[in-house]
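Here's the structure, in C-alpha cells; my notes come after.
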Amino acid sequence: MALVTTKEMFEKAYRGGYAIGAFNINNMEIIQGVVAAAKAQNSAVILQVSKSALKYAHPLYLKKMVDAAIEETGLDIALHLDHGPSFEVCKDCISYGFTSVMYDGSHLDYEENVRTTREVVEYAHARGVVVEAELGKLAGVEDDVKVSAEGATYTDPDQAVDFVKRTGVDSLAIAIGTSHGAYKFKGEAKLDFDRLETITKKLEEAGFHHFPIVLHGASSVDESSVATCNQYGGQINGAKGVPAEMLRKAASMAVCKINMDTDIRLAMTAAIRKEFAENPSAFDPRGYLGAGRDLIASLVEGKIRDVVGSTNSMD
Ligand code: G3H
Ligand code: 13P
Ligand code: ZN
18 MALVTTKEMF EKAYRGGYAI GAFNINNMEI IQGVVAAAKA QNSAVILQVS
68 KSALKYAHPL YLKKMVDAAI EETGLDIALH LDHGPSFEVC KDCISYGFTS
118 VMYDGSHLDY EENVRTTREV VEYAHARGVV VEAELGKLAG VEDDVKVSAE
168 GATYTDPDQA VDFVKRTGVD SLAIAIGTSH GAYKFKGEAK LDFDRLETIT
218 KKLEEAGFHH FPIVLHGASS VDESSVATCN QYGGQINGAK GVPAEMLRKA
268 ASMAVCKINM DTDIRLAMTA AIRKEFAENP SAFDPRGYLG AGRDLIASLV
318 EGKIRDVVGS TNSMD
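Take any residue in the sequence shown, note its place counting from 1, add 17, and you have its number in my numbering.
Shown next as C-alpha cells:
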C-alpha cells in the first residue's frame, strides 16, 4: 500500500494486456466512490486532478484525502495532475506530493511543446515524479480550452517518436479520435487503431520497449446515467461516448492509462437528481451526496472489471 508513481503499474498493465483507470476527483465523495470500487476489485488506480479541480478543492485537501484513501484501503494509488497548463502548476503539484504530472503543451507549437515538456521532465524526475505529455489535439472541452472537431489533429507517429526521444517523458497521450466531454461523435464512433498500432511499432523500433500510451476522453457516456438524468429533469440530448469494446481493445494494445471524468459527473448528477425527485422534503446533503458516491462506486467497479481490465492488479 502506498502513494506510488505510475511506472510499475504501467509495466504490469502493458505485460498483462490491460490498462489502469484514471478517474478525475474533485471532492471526498468522488474519491471514496472510486477507491471503494478499486478496493472491491483489488485494483491499482490513478486519481487525477485538473487545474479547475485544484482551484475548486485546493491541492492540500485533495492530497490529504488521497492519503486517507490509501491508508483506509491499502491500495497502490497514483496522484496525478491532469492537463497541467504550465511548468509552474506542475511544480506546485509536485511540491504538494503528487506522484505524476501531465504537462499539456498539445496546443503549442511543436518545438515549444518539446522544450517545456523537457524542462518539466528534468524537474520532475529529479524529484522521483513521472511525467505524461500530449501530442496531437483532442476535440472537446477541458478546463477553459475548447477545441472544435475541425481543430482536432491526430498524433503523427514519427513526431511521437521524436517527441519521446527528445523530452524523456514517461507516457504519451495521443489523439486517435476520442474527445473530452459528453458529445464525442456525431455519427458512428470511430477510433484510429491503425495509428495507435503504428505509433507503438515505431516506438518499439526506436528502442522504447513497452512505452505506455494514454487515452484521454475515454468516457463511454453510459446510457443509464443519461437516461436517469433526463428522467428526473435533466436535458442531456445527443450525448455519445466511446463504446466499451473499443476501450477494451485499446487496453489490450499499448494503452496503459484510460481517462474518465464525464462518466463520473453523469453518475453523480443522475443519483442526485433521482434523490431530489424521490425525496422532495429531504435536505440532508449526506442523503444525496451518499447516493452519488454509491453510484460512482458501482460505475467505477464496472469500468475496472469490464473496460480497463485491471481487476486483481494489486496482486
Ligand atoms: O480533461 C478534462 C477533464 O474532464 C477535467 O475537466 O477541467 O472541468 O475539471 P475540468
Ligand atoms: P472524458 O471527458 O471522456 O471523461 O475524458 C476525461 C479526460 O480525458 C480527463 O483528462
Ligand atoms: Zn484529458
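Note that beta-carbon positions come from the ideal geometry of N, C-alpha and C, so glycine has one too.
Model, not experiment: these values are computed from the prediction.
Residue range of the beta strand (DSSP E) that includes residue i
i: residue 40; result: 37–41
i: residue 274; result: 272–277
i: residue 341; result: Lying outside 18 to 332, the shown extent of the chain, residue 341 is not represented and no answer is given.
i: residue 65; result: 62–66
i: residue 118; result: 117–120
i: residue 147; result: 147–152
i: residue 190; result: 188–191
Buried versus exposed call for residue i [16 or more other C-beta atoms within 10 Å across all chains shown]
i: residue 241; result: exposed
i: residue 99; result: buried
i: residue 285; result: buried
i: residue 151; result: buried
i: residue 277; result: buried
i: residue 124; result: exposed
i: residue 207; result: exposed
i: residue 233; result: buried
i: residue 310; result: buried
i: residue 49; result: buried
i: residue 296; result: exposed
i: residue 72; result: exposed
i: residue 292; result: buried
i: residue 300; result: exposed
i: residue 143; result: exposed
i: residue 305; result: buried
i: residue 239; result: buried
i: residue 302; result: exposed
Nearest-angstrom beta carbon gap, residue j and residue i [assumed within contact, 8 Å]
i: residue 68; j: residue 106; result: 6 Å
i: residue 274; j: residue 231; result: 4 Å
i: residue 257; j: residue 320; result: With 8 Å as the limit, residue 257 and residue 320 do not qualify as a contact, their Cβ atoms being about 17 Å apart.
i: residue 334; j: residue 263; result: As shown, the chain starts at 18 and ends at 332. That puts residue 334 outside it, with no answer to give.
i: residue 308; j: residue 289; result: 7 Å
i: residue 66; j: residue 42; result: 6 Å
i: residue 104; j: residue 138; result: Their Cβ separation, rounded to whole angstroms, is 11 Å, which puts residue 104 and residue 138 out of contact at 8 Å.
i: residue 193; j: residue 172; result: 7 Å
i: residue 294; j: residue 251; result: Not really, about 10 Å apart at Cβ, beyond 8 Å.
Enclosing alpha helix (DSSP H) for residue i [first to last residue]
i: residue 226; result: Element bounds for residue 226: n/a, residue is neither H nor E.
i: residue 113; result: 104–113
i: residue 264; result: 261–269
i: residue 324; result: Unbroken run through residue 324: none, as it is neither H nor E.
i: residue 238; result: No alpha helix (DSSP H) holds residue 238; DSSP gives it neither H nor E.
i: residue 358; result: The shown model of the chain, from 18 to 332, leaves out residue 358, and the question about it has no answer.
i: residue 93; result: Element bounds for residue 93: not the alpha helix (DSSP H) but the beta strand (DSSP E), 93–101.
i: residue 55; result: 45–57
i: residue 177; result: 174–184
i: residue 82; result: 76–90
i: residue 253; result: From DSSP, residue 253 is part of no alpha helix (DSSP H); its letter is neither H nor E.
i: residue 33; result: 24–33
i: residue 219; result: 210–222
Distance CB(residue i)-CB(residue j) smaller than 8 Å
i: residue 96; j: residue 56; result: no
i: residue 183; j: residue 135; result: yes
i: residue 170; j: residue 154; result: yes
i: residue 90; j: residue 52; result: yes
i: residue 38; j: residue 236; result: no
i: residue 24; j: residue 187; result: yes
i: residue 253; j: residue 199; result: yes
i: residue 287; j: residue 245; result: yes
i: residue 335; j: residue 121; result: As shown, the chain starts at 18 and ends at 332. That puts residue 335 outside it, with no answer to give.
i: residue 35; j: residue 76; result: no
i: residue 54; j: residue 26; result: no
i: residue 210; j: residue 181; result: no
i: residue 45; j: residue 82; result: yes
i: residue 195; j: residue 259; result: yes
i: residue 324; j: residue 223; result: no
Sequence-distant residues of the same chain with beta carbon closer than 6 Å to residue i, five excluded per side
i: residue 329; result: 59
i: residue 219; result: 174 and 178
i: residue 63; result: 37, 39, 95 and 97
i: residue 227; result: 31
i: residue 115; result: 96 and 98
i: residue 229; result: 27, 188 and 273
i: residue 79; result: 66
Spatial neighbours of residue i in its chain, beta-carbon cut-off 8 Å, leaving aside the 5 residues before and after
i: residue 141; result: 107, 111, 118, 147 and 148
i: residue 205; result: none
i: residue 176; result: 127 and 152
i: residue 279; result: 197, 198, 199, 236, 238 and 258
Residues near residue i in its chain [Cβ-Cβ closer than 7 Å; skip 5 each side]
i: residue 315; result: none
i: residue 243; result: 253, 256 and 283
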